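Q: Numbering of the sequence shown is given in numbering that gives the first Met the number 0, commencing with residue 0 and proceeding in unit increments.
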Amino acid sequence: MAISSVRPAMLAGQYYPDDERVLRMQVAKLLAAAVPLEQVAAPKAIIVPHAGYLDSGAIAANAYRTLAGMRERIRRVVLLGPAHQAALHGFAVPAAQAFATPLGEVPLSRSDWLALQARDDVHIDDRLHAIAHSLEVQLPFLQAMFDSFTLVPVLAGDTSGEAAAELLDVLWGGPETLLVISSDLSHYLPYLQAQWIDRSTVEQILELRPDIKHDQACGAALINGLLLAARRHLLQPHLLDLRNSGDTAGDRDRVVGYASIAFCESEPSPHVRH
0 MAISSVRPAM LAGQYYPDDE RVLRMQVAKL LAAAVPLEQV AAPKAIIVPH
50 AGYLDSGAIA ANAYRTLAGM RERIRRVVLL GPAHQAALHG FAVPAAQAFA
100 TPLGEVPLSR SDWLALQARD DVHIDDRLHA IAHSLEVQLP FLQAMFDSFT
150 LVPVLAGDTS GEAAAELLDV LWGGPETLLV ISSDLSHYLP YLQAQWIDRS
200 TVEQILELRP DIKHDQACGA ALINGLLLAA RRHLLQPHLL DLRNSGDTAG
250 DRDRVVGYAS IAFCESEPSP HVRH
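1) So the candidates are Ala57, Val105, Ser159, Gly89; which of them puts its Cα closest to the Cα of Ala95?
2) Which ranges would you report for the alpha helix (DSSP H) in the stretch 140-171 if only whole runs of at least 4 residues count?
3) Between which residues of its own chain and Asp17 is the CB-CB distance below 8 Å, once the five residues before and five after are set aside?
4) Evaluate contact between the stretch 177-192 and the stretch 42-54, counting only Cβ atoms and requiring at least three cross-stretch pairs below 8 Å.
5) To the nearest angstrom, report how far apart Ala216 and Ala143 are at their CA atoms.
6) Three or more beta-carbon pairs under 8 Å between the stretch 51-63 and the stretch 82-93, yes or no?
7) Can you give me the Cβ contacts of Tyr14 inside the same chain, cut-off strictly under 7 Å, excluding the 5 residues immediately before and after it?
8) Report the residue from Leu134, Val201, Leu225, Phe148 whose alpha carbon sits nearest the alpha carbon of Val169.
9) Leaving out five residues before and five after Arg198 in sequence, what residues of the same chain have Cβ atoms less than 8 Å from its Cβ?
10) Pick out whichever of Leu227, His122, Leu150 has its Cα sitting closest to the Cα of Gly89.
11) With a CB to CB cut of under 7 Å and the five nearest residues on each side skipped, what residues in its chain are close to Ala248?
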């Protein structure tokens, strides 16, 4: 394997523009228009959707907008998403050492790549990463928010919340590290039914209840893992946006649910003396 190997931008021109200038302008417009439901400071982790930008870009932008003050701080992004199109037991990292988008290349964290491939539950699979969209669609937003960072891209397959939480703990890092969980919510339900189910799912997340099912979210195991890790690390979730494709793309017969949620360190009580 060549160390310089690069995973190309497979979804450019489909999920987002393939022209650098157009893509940069679209991401900038989405971020400029973002108005999160809550104002939060310096999230440690975010949950964001991963559909095409016309469908879920505005919802994702409400999470990425909260990172505006972290441009100089973040130097490492741990990016996890589900492997939709193929069977996978455990987790997969690519052999490629960089991911490309029309905005440039993002290098992988070499030390994390070496450590992860030594784990029994992590496989090296460029084929899975080549067809996965859940990670790639996040990269232009991350490139717009941060000047320079290394990437830890992980796809999840048949795994548990406990396994995902253990992996997150290993990759947790310090204030230089952002954790990104890429997941959509309910799939292909009528508009009102999707609204009801997605609101229930978000309530579970906000209550840190790690019992999300796969029919509630395609990245259920990863969300459950983050909720378990958030409990241990005393993170507080904040809802930033909750909509579905019926709100953004028009068709309300069969919609996909989208949410953006930030996880921040709990602020100390004002009654506690130091």
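Glycine included, every Cβ here is placed at the ideal spot set by N, Cα and C. Computed from a prediction, not measured in an experiment: that's the story for all the values here.
A: Inspection of the coordinates gives the following:
1) Val105
2) 160-170
3) Ala8, Ala11, Pro101
4) yes
5) 27 Å
6) no
7) Gly51, Tyr52, His132, Val136
8) Leu225
9) Leu241
10) His122
11) Leu53, Asp54
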